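Residue numbers (the numbering used here): 4 to 132.
Cβ atoms here follow ideal geometry from the backbone N, Cα and C, with glycine treated the same way.
Quantities reported herein were computed from a predicted structural model and do not represent experimental measurements.
Heads up: the structure comes next, in structure tokens.
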């Protein structure tokens, strides 16, 4: 049995892949080495969503937690972000996810996106990756 400490709240903590993509690009585009967040007791729904997604990115190794409020991109996080940055690759990735029923793990999402990135590089260079 799960105890709901937020009775009456309608905030959803579902993973939002488009939000993850935007967050990764925001972090990578930042001039700072680390991304700083806040964790107030009465956080807004948007800040809760951000913090939840930061933790999801840590769970799969795309971010590393520097301290309670700071994160940095890992090498795998940079690779995933580069694949997601390309609109064509992102569109193809989302299309394949939809064909698979609309939901895949973050690891599979990364594998699909990086697979499409490798295809694009192979086409451009003639190399087999």
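Helix, strand or coil at residue i [DSSP, three-state]
i	result
residue 73	strand
residue 68	strand
residue 39	strand
residue 61	helix
residue 113	helix
residue 18	coil
residue 105	coil
residue 120	helix
residue 44	coil
residue 89	coil
residue 129	coil
CA nearest to the CA of residue i, picked from the options
i	options	result
residue 61	22, 80, 94 and 87	80
residue 74	91, 88, 89 and 54	54
residue 37	20, 129, 68 and 113	68
residue 33	17, 111, 102 and 76	76
residue 124	105, 91 and 29	91
residue 65	31, 102 and 45	31
residue 17	29, 45, 46 and 107	107
residue 24	127, 46, 93 and 78	93
Cβ-based neighbour list, residue i, same chain, cut-off 8 Å, excluding 5 preceding and 5 following
i	result
residue 117	82, 83 and 86
residue 22	52 and 56
residue 4	Unreliable placement is indicated for residue 4, whose pLDDT of 40 sits below 50; the coordinate value is still reported in the next sentence. Same-chain partners within the cutoff: there are none.
residue 72	39, 40, 41 and 42
Cβ distance (whole Å) where residue i is taken to contact residue j below 8 Å
i	j	result
residue 27	residue 41	Wrong, their Cβ atoms sit about 19 Å apart, outside the cutoff.
residue 89	residue 120	7 Å
residue 20	residue 112	6 Å
Same chain, Cβ closer than 7 Å to residue i, five either side skipped, listed in chain order
i	result
residue 131	125
Cβ of residue i within 7 Å of any chain B Cβ
i	result
residue 121	Any reference to chain B falls outside this structure, which holds one protein chain only.
- Message: With a threshold of 8 Å, are at least 3 pairs of Cβ atoms found where one atom belongs to the region 52-72 and the other to the region 91-100?
- Response: no
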